[in-house]
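Working notes, structure below.
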Amino acid sequence: MPELPEVETVRRGLNQLTLNQEITGGDVLLDRTIAYPFSVGEFVDGIEENAIATWHRRGKYLLAELSSSSGWLGVHLRMTGQLLWLHRDEPLHKHTRVRLFFGDQQELRFVDQRTFGKIWLVPPSVAVESIITGLAKLAVDPFSPEFTVEYLASKLQNRRRPIKTALLDQSVVAGLGNIYADEALFKSGILPETLCIDLQLKQIKPLRTAIIQVLETSIEAGGTTFSNFLNVKGTNGNYGGVAWVYNRAGEPCRVCGTSIQRIRLAGRSSHFCSQCQTLGGVRSSNSELF
192 MPELPEVETV
202 RRGLNQLTLN
212 QEITGGDVLL
222 DRTIAYPFSV
232 GEFVDGIEEN
242 AIATWHRRGK
252 YLLAELSSSS
262 GWLGVHLRMT
272 GQLLWLHRDE
282 PLHKHTRVRL
292 FFGDQQELRF
302 VDQRTFGKIW
312 LVPPSVAVES
322 IITGLAKLAV
332 DPFSPEFTVE
342 YLASKLQNRR
352 RPIKTALLDQ
362 SVVAGLGNIY
372 ADEALFKSGI
382 LPETLCIDLQ
392 LKQIKPLRTA
402 IIQVLETSIE
412 AGGTTFSNFL
422 NVKGTNGNYG
432 GVAWVYNRAG
442 EPCRVCGTSI
452 QRIRLAGRSS
462 HFCSQCQTLG
472 GVRSSNSELF
């Protein structure tokens, strides 16, 4: 599933390519992709003759602010969604679900193999959270000034569940997913099965720093492509080639050479180095990572 860096990469690309151009029409090839309004015809009619003023990101959601106070266009890529900026003559991919037409024969295509992705058209004068209800459940964004050590500590304290599981909870940290939770835990020296209740501020402080740094590094690399992710121009992300632990089970740790291990926690794979990460966290063996 695309995580914060991949969604942020898409947002930046969309802001470079799609702004202030009239949407001349649309075509919905899979009705259930449109989560709101419930009528596909109403969606197409509502999007026509609008233009996108700017794209925002909240967690893993993309939100396009429509010009002239015409509401919002919301997108969640879910597991395999892609937003691609293409010439209209480009052959249709078999998994194309929605097409938005612009001038100069350009279009924005929503391609989604697993069909879990969703698109919303929120009318003007309606609270976005009342239509895209998942937004109301989101925690603070890692790049927000509110994402302090104290904030993270308050979200983790007294929780008797593994820190890796907690980091995947969007009510704890918005936008973080499996890839970057593994990476942040490695950089902060904490084993994924460490219980939140056992963490102290001296462990949470480097964890917060690691979360931000890992996300920043991945955004600079254009995100991660292990299967489906592409940016709006159809290009893969490059972070996977420099990942510390994620998807590297059996390979040597880039710091100490110990074989990277993989376990299952709450049904998700977790990758770690048993030498560089401990239940207590905080050690000096890879302090140079910061």
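Taking my numbering, the leading residue of the sequence shown gets 192, the next gets one more, and so forth. Every residue, glycine too, gets a C-beta built ideally from N, C-alpha and C.
Contacting residues, own chain, Cβ-Cβ under 7 Å from residue 267 (five flanking each side not counted): 251, 252, 308 and 309
Specify, as a first and last residue, the run of the alpha helix (DSSP H) that residue 237 falls within. 231–238
Expected contact under 8 Å - CB spacing of residue 315 and residue 260 to nearest Å: 5 Å
Is the separation between the beta-carbon of residue 177 and that of residue 470 shorter than 8 Å? Given that the chain is displayed from residue 192 to residue 481, the structure contains no residue 177 and the question cannot be resolved.
Out of curiosity, what's the CA-to-CA distance linking residue 257 and residue 240? 10 Å
DSSP three-state label for residue 328, please. helix
Quick check: residue 330 and residue 361, are their CB atoms within less than 8 Å of each other? yes
When 419, 462, 438 and 433 are compared against residue 197, the one with the closest alpha-carbon: 419
Leaving out five residues on either side along the sequence, give the residues of the same chain with a beta carbon under 6 Å from the beta carbon of residue 273. 302 and 421
From the DSSP secondary-structure annotation, give me the bridge partner or partners of residue 353. 386
CB-CB length for residue 410 against residue 200, believed under 8 Å: 6 Å
Rounded C-beta distance between residue 205 and residue 406? I'm assuming under 8 Å. At roughly 19 Å, the Cβ-Cβ gap does not stay under 8 Å, so residue 205 and residue 406 are not in contact.
For residue 486, is the classification buried or exposed, using 16 other Cβ atoms within 10 angstroms of its Cβ as the cut-off for buried? Beyond the ends of the chain as shown, which are 192 and 481, falls residue 486; an answer cannot be given.
Among 238, 269, 292 and 248, which one has its Cα closest to the Cα of residue 280? 292
CB-CB under 8 Å to residue 395, same chain, minus the five flanking residues each way: which ones, in chain order? 340, 343, 344 and 347
With DSSP run on the structure shown, which of helix, strand or coil describes residue 319? helix
DSSP state of residue 457, grouped into three classes? coil
In or out: residue 305 buried (at least 16 other Cβ within 10 Å) or exposed? exposed
Residue environment, residue 383, which counts as buried when at least 16 other CB atoms sit within 10 Å: buried
Alpha carbon of residue 217 to alpha carbon of residue 264, nearest angstrom: 13 Å
Is residue 395 helix, strand or coil by DSSP? helix
Residue 328 to residue 465, Cα distance in whole Å? Taking the CA atoms as reference points, residue 328 sits about 34 Å from residue 465.
Closest to residue 426 by C-alpha separation, out of 451, 413 and 441, would be which residue? 413
Those residues which DSSP pairs with residue 255 across a bridge: 246 and 264
By Cβ distance, which residues of its chain are closer than 6 Å to residue 397, with the 5 residues on each side in sequence left out? 379
Where does residue 392 land, buried or exposed, given buried means 16+ other C-beta within 10 angstroms? exposed
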